[in-house]
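Down below is the structure, laid out as structure tokens.
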Amino acid sequence: MSFHTITRIFRSELTGPTRLTTGKLFSPERFPKPRSLSYTAILTNAKDDFFNDPNLAATNKAPDGASGDHEGQFARTDGSLQIEYPPDSEMPAQPVVQGRGGMHFKRTLPSFSLENKVSLVTGGARGLGLVMAQGLVASGSDLAIVDLNKAEAEDQAQRLIEQFHKENPELDQLPNITAHYADVSSPDSVNQALTEVLEIHNQIDNLVTSAGFTENFDAINYPFDRMQKLWGVNVNGTYLFATGVAKHLMERNSPGSIVMIRSMSGSIVNVPQPQAPYNAAKAAVRHLAASLAVEWAGHGIRVNCISPGYMLTALTRKILDENPQLREKWTSLIPLGKMGTPEDLIGAVTFLLSDASKYVTGADLRVDGGYTLT
Ligand SMILES: NC(=O)c1ccc[n+]([C@@H]2O[C@H](COP(=O)([O-])OP(=O)(O)OC[C@H]3O[C@@H](n4cnc5c(N)ncnc54)[C@H](O)[C@@H]3O)[C@@H](O)[C@H]2O)c1
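To convert a position in the sequence shown, counted from 1, into our numbering, add 543.
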């Protein structure tokens, strides 16, 4: 019998009007109540089998807790963990990172240099923003620190210049480092800060949006006003600064580079601390970067993200001091086994702002010790 004959017979079996209209094929007697497919059914007749067979006890056929209290332990959020973003007065000032740039020590590719560029860093008075800002200065850039805490930004700008001078006494020309106030979630405040920066620096070539924060409440009890504030800073603030700087670059007809500091939390769900709005906000920043990268590609404006993992900053230090049990949980989930430090972002941000990455746009560079891989 040929293949065609077989196919024809098979088709007529399936579609033949007699068989379909007789109803015999689908009669309930021929098809009693369906039973789920289960190769474990035979093993689960006696309830005790769950407890005799540890492998079966670990499957979803067994009742909750059959294999022990640890079930889901490292993969669930814990609603009892509530962490509010602390007021500024509780945040200690940060020391200036020590060490000189590459020029006098080790040879490095010139395409990584940020000489003759002006970089603006939001949230640059503290934490990751401040350390990345110092990396940009070491790479030759002038710098505008923009922050809600202007006094801290001014203090850090001054300390940065002093440190630079101390480490490079032979250089006559010191970097131009300025400090400015902005609440990144307010369009008026953002515009005012951009005007101020441009009055002093005349240009902005690079932007790093690091102003942002996280808080922990379970989703049901998350205070709505706090959630709006969180989205206002993390999402709207990123959007407002990116569009403001892009507008300036377009008016100047100049290329530029934007790096949005988002988080691994925009790609995975952290445990055990619950933080649904933060995770969603950082996921939004990822797609905002991709969308703007496409929209502004024709203007030579590149937009990329950096997604840090757990980094030890004043904020994370405070969280860990108050919840020491988190330290072990966090590090046990990181393939490299350690939290990062803000210095680990310096290379990544310099790469993305410099010509070394001039064919890279819309990317998300994860600096997370491999957290998001597992
Ligand atoms: N620390 C981490 O482990 C970690 C991990 C992943 C992502 N991040 C992200 O990195 C960024 C920086 O975090 P951090 O740990 O350095 O925090 P941080 O609190 O140490 O520093 C944040 C800075 O932003 C400023 N800021 C806050 N709200 C502002 C506003 N409305 N307008 C202007 N400035 C404002 C603060 O004054 C502060 O100087 C955030 O976007 C955060 O979500 C941090």
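Beta carbons are placed, not taken as given, at the ideal position from N, Cα and C, and that holds for glycine.
With 16 other Cβ atoms within 10 Å as the buried cut-off, status of R619: For the purposes of this step, residue 619 is taken as the residue at position 76 of the sequence shown. Per the 10 Å Cβ criterion, exposed.
Could you please give the first and the last residue of the uninterrupted alpha helix (DSSP H) stretch that includes G787? Taking the first residue of the sequence shown as position 1, residue 787 is located at position 244. Its alpha helix (DSSP H) spans residues G780 to R795.
Nearest residue (CA-CA) to S800, options I811, V776, A819 and I747: Taking the sequence shown and counting its residues from 1, one reaches residue 800 at position 257. Out of I811, V776, A819 and I747, I747 has the C-alpha closest to the C-alpha of S800.
Cβ of I877 within 8 Å of Cβ of Y853? Here residue 877 corresponds to residue number 334 of the sequence shown, with the count starting at 1. Here residue 853 corresponds to residue number 310 of the sequence shown, with the count starting at 1. A contact, by the Cβ cut-off of 8 Å.
Please classify I844: is it buried, with 16 or more other beta-carbons within 10 angstroms of its beta-carbon, or exposed? Taking the first residue of the sequence shown as 1, we reach residue 844 at position 301. Buried, since its Cβ has 16 or more Cβ neighbours within 10 Å.
Using 8 Å as the threshold, is the region 753 to 771 in touch with the region 621 to 637, meaning 3 or more CB pairs across them? At 8 Å Cβ cutoff, the stretches touch.
Less than 8 Å between the C-beta atoms of V751 and S656, yes or no? Within the sequence shown, the letter at position 208 stands for residue 751. Within the sequence shown, the letter at position 113 stands for residue 656. At least 8 Å separates the beta-carbon of V751 from that of S656.
On a Cα-Cα basis, can you pick out the residue from A694, I720, A819 and T915 that is closest to A495? The requested residue 495 is not part of the displayed model; the chain covers only 544 to 917.
CA-to-CA distance, T856 to V689, given in whole angstroms: Sequence index remark: in the sequence shown, residue 689 carries index 146 (1-based). Sequence index remark: in the sequence shown, residue 856 carries index 313 (1-based). Their Cα atoms are separated by approximately 18 Å.
Apart from the five residues just before and just after L908, which ones in its own chain have a Cβ nearer than 6 Å to its Cβ? Translated into positions along the sequence shown, residue 908 becomes position 365. Same-chain partners within the cutoff: I849 and A891.
Segments of 3+ residues assigned as beta strand (DSSP E) that fall wholly inside the region 815 to 877: Here the runs fully enclosed are 844 to 851.
My output table needs one value for Y902: the three-state DSSP class, helix, strand or coil. For the purposes of this step, residue 902 is taken as residue 359 along the sequence shown, with counting starting at 1. Residue state, collapsed to three classes: coil.
Mapping the DSSP letters down to three states, classify S682 as helix, strand or coil. In the sequence shown, counting from the first residue as 1, residue 682 sits at position 139. The DSSP-derived three-state label of S682 is coil.
Going straight from the alpha carbon of M675 to that of A827, what length do you get? Numbered from 1 along the sequence shown, position 132 holds the residue referred to as residue 675. Numbered from 1 along the sequence shown, position 284 holds the residue referred to as residue 827. Distance between the alpha carbons of M675 and A827: 22 Å.
Okay, do the region 770 to 781 and the region 816 to 825 touch, 3+ Cβ pairs below 8 Å being the bar? Yes: the two stretches touch, three or more of their Cβ pairs being nearer than 8 Å.
Verify the contact flag: T893, CB atom, against every heavy atom of ligand 1, threshold strictly below 7 Å. Counting from one through the sequence shown, the residue named residue 893 turns up at place 350. Checking the Cβ of T893 against ligand 1 gives no.
Am I right that D592 and L599 are in contact with their C-beta atoms under 8 Å? What's the rounded C-beta distance? The count along the sequence shown starts at 1 and reaches residue 592 at position 49. The count along the sequence shown starts at 1 and reaches residue 599 at position 56. Indeed they touch by this definition, with Cβ atoms about 6 Å apart.
Between the alpha carbons of I552 and V814, how many angstroms are there, rounded? As a first step, residue 552 is located in the sequence shown; it is residue number 9 there, counting from the start. As a first step, residue 814 is located in the sequence shown; it is residue number 271 there, counting from the start. Its pLDDT being 35, under 50, I552 is placed unreliably by the model, and the measurement read from it follows with that caveat. Counting only the Cα atoms, V814 lies some 57 Å from I552.
To which residues of the same chain is S900 closer than 7 Å at the C-beta, ignoring the five residues directly before and after it? Position 357 of the sequence shown, counting from 1, holds the residue named residue 900. Annotation for S900: F894 place their beta carbon closer than 7 Å to its own, counting only its chain and skipping 5 residues before and after.
Run the proximity test for G678: is its beta-carbon closer than 7 Å to any non-hydrogen atom belonging to ligand 1? Translated into the one-based positions of the sequence shown, residue 678 becomes position 135. No, ligand 1 has no heavy atom inside 7 Å of this Cβ.
Going by beta carbon distance, what residues of the same chain come within less than 7 Å of S732, once the five residues before and after it are set aside? Residue mapping note: residue 732 aligns to position 189 of the sequence shown, counting from 1. Shown here for S732: same chain residues with a beta carbon closer than 7 Å to its own, the five before and five after excluded, namely A725 and D726 in chain order.
Buried or exposed: which applies to D631, given that a residue is buried once 16 or more other Cβ atoms fall within 10 Å of its Cβ? By one-based count along the sequence shown, residue 631 stands at place 88. With fewer than 16 Cβ atoms within 10 Å of its Cβ, D631 is classed as exposed.
Measure the CB-CB distance between I626 and Q816 and report whether it falls below 8 Å. Looking up residue 626 in the sequence shown gives position 83. Looking up residue 816 in the sequence shown gives position 273. A Cβ-Cβ contact shorter than 8 Å links I626 with Q816.
Residues that R909 bridges to, as DSSP identifies them: Residue 909 sits at position 366 when you count from the first residue of the sequence shown. Note: R909 sits in a beta bridge opposite S850.
Kindly indicate which residue of S797, M634 and N749 has the alpha-carbon position closest to the one of A897. Here the question's residue 897 lines up with position 354 in the sequence shown. The amino acid at residue 897 is misidentified as Ala; the sequence shows Ser. Of the listed residues, the one whose Cα sits closest to S897 is N749.
Please go through the region 716 to 754 and give each complete alpha helix (DSSP H) segment of 4 or more residues, from N-terminal end onward. Runs of the alpha helix (DSSP H) spanning 4 or more residues and lying entirely within the region 716 to 754 occur at 730 to 744, in chain order.
Between L714 and F707, what straight-line distance do the alpha-carbon atoms span, to the nearest angstrom? Within the sequence shown, numbered from 1, the residue matching residue 714 stands at position 171. Within the sequence shown, numbered from 1, the residue matching residue 707 stands at position 164. So the two alpha carbons sit approximately 9 Å from each other.
Can you tell me the Cα-Cα spacing of P635 and N692, whole angstroms? To locate residue 635, count along the sequence shown from 1; it is residue 92. To locate residue 692, count along the sequence shown from 1; it is residue 149. Distance between the alpha carbons of P635 and N692 is about 12 Å.
Simplified DSSP assignment, three categories, for A609: Residue numbering aside, residue 609 sits at position 66 when the sequence shown is read from its first letter. Judged by DSSP in its simplified three-state form, A609 adopts coil rather than helix or strand.
Once the 5 residues before and after W839 are set aside, which same chain residues still bring their CB inside 7 Å of it? As a position in the sequence shown, residue 839 is number 296, starting the count at 1. Cβ neighbours of W839 beyond the five flanking positions: A789 and V846.
Going by DSSP, name the residue or residues bridged to S662. Within the sequence shown, the letter at position 119 stands for residue 662. In DSSP, S662 forms a bridge with L686 and N749.
Helix, strand or coil at G615 according to DSSP, with G and I counted as helix: By one-based count along the sequence shown, residue 615 stands at place 72. Under the three-state reduction of DSSP, G615 is assigned to coil, being neither helix nor strand.
Please classify F784 as buried or exposed, where buried requires at least 16 neighbouring CB atoms within 10 angstroms. Numbered from its first residue, the sequence shown carries residue 784 at position 241. Counting Cβ neighbours within 10 Å, F784 comes out buried, since at least 16 surround it.
With distance defined between alpha-carbon atoms, name the residue in I743, S684, F767 and E697 nearest to L666. As a first step, residue 666 must be located in the sequence shown, where it is residue number 123. The residue you asked about is not Leu; residue 666 is Gly in the sequence shown. Of the candidates I743, S684, F767 and E697, the one whose C-alpha sits nearest the C-alpha of G666 is E697.
M854 CB to nearest heavy atom of ligand 1 below 7 Å: Within the sequence shown, the letter at position 311 stands for residue 854. It does: the Cβ of M854 is within 7 Å (strictly closer) of some heavy atom of ligand 1.
Can you grab the Cα-Cα spacing for the pair R669 / R805, in whole Å? Reading the sequence shown from its first residue, position 126 is the one you call residue 669. Reading the sequence shown from its first residue, position 262 is the one you call residue 805. Near 16 Å, if we compare the C-alpha coordinates of R805 and R669.
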